[in-house]
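Report on the following structure.
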Ligand SMILES: Cc1cc2nc3c(=O)[nH]c(=O)nc-3n(C[C@H](O)[C@H](O)[C@H](O)COP(=O)(O)O)c2cc1C
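In the working numbering, the protein residues as written are 11 to 242.
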């Protein structure tokens, strides 16, 4: 990897900020479509306001629905980092800072998740969350073979190539992975965009894209902490 590519790898960040009122140029979309096509995938893109609005709604509803599931709720609780210092110290997890949610509010809501269903508090939390989606005018998703472990690895590689190319052009993204993995949400999304999902094909990644101020850092563990080595 040359030094410019390494630099892009190091500086790429998920942006959950509101996006600026500026469209991604067609030639940038074409360049990432070509990258996807080189690995046999299709990158699709929409700027249709109704599609965008519906996908933002599905994503928000997924967030709330997933938390109703006890196992998912327990897992997410273990990974939430409510303050900058906590996120920095653990070097992992989902930090309130990167999601633009006040840590205390997030903690309270996560510990009293039934309150989300109450009219006033539920609406307030929904409003705070949706406020971070301001300025979103475009969505993109990736479709193609997604059946065997080799497909999953190739999909991951392709997604990272796409992400780094967008980053090279100053475009930020926010993956909506939970819309893909929640079966009900996936079906709603797939029907809305008429995704091609027959014969082992799957719409395996969805993300919002655009421009924003540089997002806060999601802290990471050092490389050696991610490698399991056996000493005989
Ligand atoms: C496959 C995949 C799915 C993801 N799904 C979501 C998601 O549903 N919601 C979200 O806020 N971020 C999602 N992300 C973004 C990750 O949470 C993010 O990459 C991670 O927190 C590290 O932050 P960074 O991208 O700024 O380095 C996803 C990332 C990947 C690779």
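Backbone N, C-alpha and C define an ideal beta-carbon position, used for all residues, glycine too.
The structure displayed is predicted, hence computed values, not measured ones.
Please list, following the chain, all residues that have a C-beta closer than 5 Å to any non-hydrogen atom of ligand 1.
23, 24, 185, 187, 188, 228
Going by alpha carbons, who is nearest to residue 28 out of 241, 218, 237, 230?
218
In the DSSP assignment, find the unbroken alpha helix (DSSP H) run with residue 14 in it and report its ends.
13-21
Which two residues bound the contiguous alpha helix (DSSP H) that contains residue 177?
159-178
Would you decide whether residue 105 is buried or exposed? Buried here means 16 or more other CB atoms lie within 10 Å of its CB.
buried
Any chain C beta carbon closer than 8 Å to residue 153
No chain C appears in the structure shown, which is made up of a single protein chain.
Are the Cβ atoms of residue 171 and residue 39 separated by less than 8 Å?
no
Among all the DSSP beta bridges, which residues are the ones paired with residue 214?
For residue 214, which the question treats as bridged, DSSP gives no partner whatsoever.
Determine the DSSP secondary structure at residue 238, reduced to helix, strand or coil.
coil
Roughly how many angstroms separate the alpha carbons of residue 118 and residue 142, rounded to a whole number?
19 Å
Exposure of residue 192, with buried meaning 16 or more beta-carbon neighbours within 10 Å:
buried
Judging by CA-CA distance, which residue of 23, 50, 14 is the nearest neighbour of residue 164?
50
I need the straight-line Cα distance from residue 83 to residue 220, nearest angstrom please.
30 Å
Beta-carbon within less than 7 Å of residue 18's beta-carbon, same chain only, minus the 5 sequence neighbours each way: which residues are those?
174, 177, 178
Would the stretch 122-134 and the stretch 202-214 be scored as touching if the rule is three or more Cβ pairs under 8 Å?
no
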